[in-house]
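Written below as structure tokens is the structure these notes are about.
Number of protein chains: 2
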Amino acid sequence: MMRTRPLKVALLGCGVVGSEVARIMTTHADDLTQRIGAPVELAGVAVRRPSKVREGIDPELVTTDATALLKRGDIDIAIEVIGGIEPARTLITTAFEHGISVVSANKALLAQDGAALHAAAEQHGLDLYYEAAVAGAIPLVRPMRESLAGDKINRVMGIVNGTTNFILDKMDSTGAGYQEALDEATALGYAEADPTADVEGYDAAAKAAILAGIAFHTRVRLDDVYREGMTEVSAADFASAKRMGCTIKLLAILERAADGESVTARVHPAMIPLSHPLASVREAYNAVFVEAEAAGRLMFYGPGAGGAPTASAVLGDLVAVARNKLAEATGPGESAYTQLPVSPMGDVVTRYHISLDVADKPGVLAQVATTFAEHGVSIDTVRQQGKDGEASLVVVTHRAPDAALSGTVEALRKLDTVRGVASIMRVEGE
Amino acid sequence: MMRTRPLKVALLGCGVVGSEVARIMTTHADDLTQRIGAPVELAGVAVRRPSKVREGIDPELVTTDATALLKRGDIDIAIEVIGGIEPARTLITTAFEHGISVVSANKALLAQDGAALHAAAEQHGLDLYYEAAVAGAIPLVRPMRESLAGDKINRVMGIVNGTTNFILDKMDSTGAGYQEALDEATALGYAEADPTADVEGYDAAAKAAILAGIAFHTRVRLDDVYREGMTEVSAADFASAKRMGCTIKLLAILERAADGESVTARVHPAMIPLSHPLASVREAYNAVFVEAEAAGRLMFYGPGAGGAPTASAVLGDLVAVARNKLAEATGPGESAYTQLPVSPMGDVVTRYHISLDVADKPGVLAQVATTFAEHGVSIDTVRQQGKDGEASLVVVTHRAPDAALSGTVEALRKLDTVRGVASIMRVEGE
Numbered sequence: 001m002m003r004t005r006p007l008k009v010a011l012l013g014c015g016v017v018g019s020e021v022a023r024i025m026t027t028h029a030d031d032l033t034q035r036i037g038a039p040v041e042l043a044g045v046a047v048r049r050p051s052k053v054r055e056g057i058d059p060e061l062v063t064t065d066a067t068a069l070l071k072r073g074d075i076d077i078a079i080e081v082i083g084g085i086e087p088a089r090t091l092i093t094t095a096f097e098h099g100i101s102v103v104s105a106n107k108a109l110l111a112q113d114g115a116a117l118h119a120a121a122e123q124h125g126l127d128l129y130y131e132a133a134v135a136g137a138i139p140l141v142r143p144m145r146e147s148l149a150g151d152k153i154n155r156v157m158g159i160v161n162g163t164t165n166f167i168l169d170k171m172d173s174t175g176a177g178y179q180e181a182l183d184e185a186t187a188l189g190y191a192e193a194d195p196t197a198d199v200e201g202y203d204a205a206a207k208a209a210i211l212a213g214i215a216f217h218t219r220v221r222l223d224d225v226y227r228e229g230m231t232e233v234s235a236a237d238f239a240s241a242k243r244m245g246c247t248i249k250l251l252a253i254l255e256r257a258a259d260g261e262s263v264t265a266r267v268h269p270a271m272i273p274l275s276h277p278l279a280s281v282r283e284a285y286n287a288v289f290v291e292a293e294a295a296g297r298l299m300f301y302g303p304g305a306g307g308a309p310t311a312s313a314v315l316g317d318l319v320a321v322a323r324n325k326l327a328e329a330t331g332p333g334e335s336a337y338t339q340l341p342v343s344p345m346g347d348v349v350t351r352y353h354i355s356l357d358v359a360d361k362p363g364v365l366a367q368v369a370t371t372f373a374e375h376g377v378s379i380d381t382v383r384q385q386g387k388d389g390e391a392s393l394v395v396v397t398h399r400a401p402d403a404a405l406s407g408t409v410e411a412l413r414k415l416d417t418v419r420g421v422a423s424i425m426r427v428e429g430e
Numbered sequence: 431m432m433r434t435r436p437l438k439v440a441l442l443g444c445g446v447v448g449s450e451v452a453r454i455m456t457t458h459a460d461d462l463t464q465r466i467g468a469p470v471e472l473a474g475v476a477v478r479r480p481s482k483v484r485e486g487i488d489p490e491l492v493t494t495d496a497t498a499l500l501k502r503g504d505i506d507i508a509i510e511v512i513g514g515i516e517p518a519r520t521l522i523t524t525a526f527e528h529g530i531s532v533v534s535a536n537k538a539l540l541a542q543d544g545a546a547l548h549a550a551a552e553q554h555g556l557d558l559y560y561e562a563a564v565a566g567a568i569p570l571v572r573p574m575r576e577s578l579a580g581d582k583i584n585r586v587m588g589i590v591n592g593t594t595n596f597i598l599d600k601m602d603s604t605g606a607g608y609q610e611a612l613d614e615a616t617a618l619g620y621a622e623a624d625p626t627a628d629v630e631g632y633d634a635a636a637k638a639a640i641l642a643g644i645a646f647h648t649r650v651r652l653d654d655v656y657r658e659g660m661t662e663v664s665a666a667d668f669a670s671a672k673r674m675g676c677t678i679k680l681l682a683i684l685e686r687a688a689d690g691e692s693v694t695a696r697v698h699p700a701m702i703p704l705s706h707p708l709a710s711v712r713e714a715y716n717a718v719f720v721e722a723e724a725a726g727r728l729m730f731y732g733p734g735a736g737g738a739p740t741a742s743a744v745l746g747d748l749v750a751v752a753r754n755k756l757a758e759a760t761g762p763g764e765s766a767y768t769q770l771p772v773s774p775m776g777d778v779v780t781r782y783h784i785s786l787d788v789a790d791k792p793g794v795l796a797q798v799a800t801t802f803a804e805h806g807v808s809i810d811t812v813r814q815q816g817k818d819g820e821a822s823l824v825v826v827t828h829r830a831p832d833a834a835l836s837g838t839v840e841a842l843r844k845l846d847t848v849r850g851v852a853s854i855m856r857v858e859g860e
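From first to last, the protein sequence lines stand for chains D and Y.
Just so we're aligned, residue 1 is where the first sequence starts under our numbering, counting upward by one.
Just so we're aligned, residue 431 is where the second sequence starts under our numbering, counting upward by one.
Laid out in structure tokens, this is it:
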């Protein structure tokens, strides 16, 4: 049964993603109509710079007054692709107050204010969908909150930032240093002029917070996510990783504690074995491993960013939200009933790869080994290399709480035979 | 808002999958209640052998009369994990006639009668969900029909049968022949006593038909799927594949024709480059590549079979169908509006790897090359090996319609310098 009155869509933002959304809504209008059961009409496009020429978009639809567009009374669904906290937050709230369901690609906002926005949507009986906020085109939010709704997710580990994966992949394949690889990523458009949000892990941490909430049916705020960027990763670290049969990736890792009573969420660079499927994720691709009790290990892989891939995710949500509108129903909202607390990084159980510059004299290894033992950290392997009176010691630990591992490192720094800690990197995926 | 009256579930079949479904429904009852918004109660279990002890299942719930269970008037949702065509088909139809939504894991039935079952569900305003019918726990049906609902899928290529992947992986890694690898798969429980459905590609063809329908929004019947099994794949084929930097996988490949006016669906063994992500799918795992216009290349990976993984998919569907019941709505039904015809195998554009036993005398290569040219097939590489008056010629073609390629092979067989066609294998994934 096909309805002929169209559902009206307000597009908030018309940059790289928004213009692709508008283009596909126009070129694939017949398909969208069939799949939804009613036509969807682009009824208004709110932008900051109205003078910019936007190919394929009727200039009559363009406005600088997003609030007025939402308040005019005929909009069914708003697509928010502005990004950032404000004005996006206020606009989404305004939309809900006017009976408008929302599709958003805004990871920063969802990570910071997801709970309040979900509550507002639920209060008004409306949808808030955001598949595009995490890992671009890769279906991840819907599979995790719908396909795995009858399962218990215990662990999520993934590469959720394309820019940093591009940089790390270049460093791995060419031996380049961080700055050189970043320069190439910037020249090719993979990194922004100010790459801070990517390289310091803020972008990945926002996605980690969103995914952790969905995975564990609890609330995980951005501040709950431990975060380390990858600007300190060096060519020497990659050389060390290679000696171990590993590469280095910036990982988002979300885990349920062994006792099931708490969860952890973290973003940091880590060595992973070359045999791990995440090791072979190249260039700016994203991939996420999900381990669930019944399903086992699943992996989702694809382009994590870009106008068209992100638009694909937005439009998938648009179809779902439009179908819900027609059925006068809503999709799954926030599920935070477990109320599991988020433990600090010190409680995370992991392994360290530590490179020490040490004095080349007898007894150093014994002193170092004693320090590990005093902190309850068991050593997996040690490799000693000496030349010209200098020596280096590479220690890989067994699994231990991060607090014990970092405490060990602090104690090692104080040993007079240890001249410096050359690098510390966690080891994951084994 | 939590409803306290439970939704009542009839479980039809209690084998490997059904018993896992029942177990999880019991052990994770609180989680399911929270995620659905109402409790779900296992209200009856229909089995063939009531005397069999089923741990964790109240014997009072067990019946041999599935029809009576569906007709008794209090069932909201039926889970069909019997498999095969009958009695599953009649029971699902009975369920719809009594206002019962259905979750099914039955690939054979969906591939054969999906259209009629979808029509029956729609007629009664009910749901028919079947994530578990394709690739076990891997979310694939929902991502394709919901996450990618705003995109245009052009190609799906995947490993959708775990048994054959296990056998081919063994042949590849150990150099074993087909029979030896099959025997190992049987001993380890990866292959059934009668492996025909797996090794002849019937199981993969059923999944291919289901996926093709979803991918292209058209109807693809089981008979529309070209099917070749993998019982003829030899150790020599793997040796040839290795020389080309390839391995051999049994692939399901669904493609939209270049002009967009038709589709093709096929299952056959093929060489794929080791660099292709599907090449590294080991043991009984499944993985499916989806190429969409806006999203680009996505991959979904995970366990393709087994009691618990399949139960995970069933329970994800159960949560969705239960939520729909509470909202008095239904999820997306069949989408077949494009009505794209399915072209025969001869129209598929592919590449052949052909090994010929030829006479070791001058002019043979010229004669063979002429035959290819006469059929409009362009040669990519030729490798000649001669010893003791015998010679072999390995030809890899460029892309050409399968009809032209198979026509070439027929003509080659008739050349008096060609003593035999040792093997033919398609080459994909480049």
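Don't be surprised by glycine CBs; every beta carbon is placed ideally from N, CA and C.
Computed from a predicted structure; not experimentally measured.
Taking 8 Å as the threshold, the shortest C-beta distance from Arg519(Y) to chain D does not fall below it.
Taken through DSSP and simplified to helix, strand or coil, Asp787(Y) comes out as strand.
Contact check for Lys249(D) and Asn165(D): beta-carbon distance about 7 Å, within the 8 Å limit, so the pair qualifies. DSSP lists Ala292(D) as the bridge partner or partners of Gly296(D). Put simply, the region 282-293 of chain D touches the region 133-144 of chain D. At least three CB pairs are less than 8 Å apart. Counting only residues of its own chain and dropping the five nearest sequence neighbours on each side, Arg727(Y) has a CB closer than 7 Å to the CB of Phe719, Glu721. Residues of chain D with a Cβ closer than 9 Å to the Cβ of Pro733(Y) are, in chain order, Ala295, Gly296, Arg297, Leu298. Check the Cα spacing between Cys14(D) and each of Pro50(D), Leu168(D), Thr67(D), Gly37(D): the tightest is with Pro50(D).
Residues of chain D with a Cβ closer than 8 Å to the Cβ of Ser577(Y) are, in chain order, Glu131, Pro139, Arg142, Pro143, Ala313, Gly316. Exposed is the label assigned to His398(D), since fewer than 16 other Cβ atoms lie within 10 Å of its Cβ.
The straight-line gap separating the alpha-carbon atoms of Leu117(D) and Ala311(D) is approximately 22 Å. Using a Cβ-Cβ cut-off of 8 Å, Val319(D) counts as an interface residue toward chain Y, since at least one Cβ of chain Y sits closer than that to its own.
Going by beta carbons, Gly83(D) and Gly580(Y) fall outside the 8 Å limit. DSSP places Pro489(Y) within a helical segment (H, G or I) once states are collapsed to three. Those residues of the region 578-600 of chain Y placed with their C-beta closer than 8 Å to a C-beta in chain D are Leu578, Ala579, Gly580, Asp581, Lys582, ordered along the chain. Judged by DSSP secondary structure, Leu708(Y) falls outside any beta strand (DSSP E); it is assigned neither H nor E. Our two residues, Lys170(D) and Tyr202(D), have alpha carbons roughly 21 Å apart in a direct line.
Against Ser765(Y), the close residues of chain D are Gln34, Arg35, in the order they occur along the chain (beta-carbon pairs closer than 9 Å). Under a criterion of Cβ atoms nearer than 9 Å, no residue of chain D is adjacent to Pro480(Y); the nearest Cβ is some 26 Å distant. For Ser104(D), DSSP records a beta bridge to Glu80(D).
Going by DSSP, Pro309(D) is part of the alpha helix (DSSP H) stretching over 307-327. Ala187(D) counts as exposed, since fewer than 16 other C-beta atoms from the protein chains shown sit within 10 angstroms of its C-beta. Identification of chain D residues near Ile702(Y) by a Cβ-Cβ cut-off of 7 Å yields none; the smallest Cβ-Cβ distance measures about 15 Å. Residues of the region 96-128 of chain D that bring their beta carbon within less than 8 Å of a beta carbon in chain Y are absent altogether.
With a cutoff of 8 Å on beta-carbon distance, Glu471(Y) and Pro436(Y) are scored as near each other. When Cβ-Cβ separations below 8 Å define contact, Ala757(Y) makes contact with chain D. Across the region 387-399 of chain D, no CB contact with chain Y closer than 7 Å is found for any residue.
If you draw a straight line from the Cα of Gly619(Y) to the Cα of Lys637(Y), it comes to about 21 Å.
For the pair Gly859(Y) and Ala830(Y), the CB atoms are not nearer than the 8 Å cut-off.
At a cut-off of 8 Å between beta-carbon atoms, Ile509(Y) makes no contact with chain D.
Bridge partners of Tyr129(D) according to DSSP: Val103(D).
Taking the Cα of Gly643(Y) as reference, the smallest distance to any Cα among Arg433(Y), Arg696(Y), Arg465(Y), Asp488(Y) is reached at Arg696(Y). DSSP places Ile75(D) outside any alpha helix (DSSP H), giving it a letter other than H or E.
Counted as a single uninterrupted DSSP element, the alpha helix (DSSP H) harbouring Met601(Y) occupies residues 592-604. Taking all protein chains in view, the Cβ of Asp172(D) is crowded by 16 or more other Cβ atoms within 10 Å, so the residue is classified as buried.
Spanning the alpha carbons of Gly44(D) and Lys325(D) requires a straight line of approximately 19 Å.
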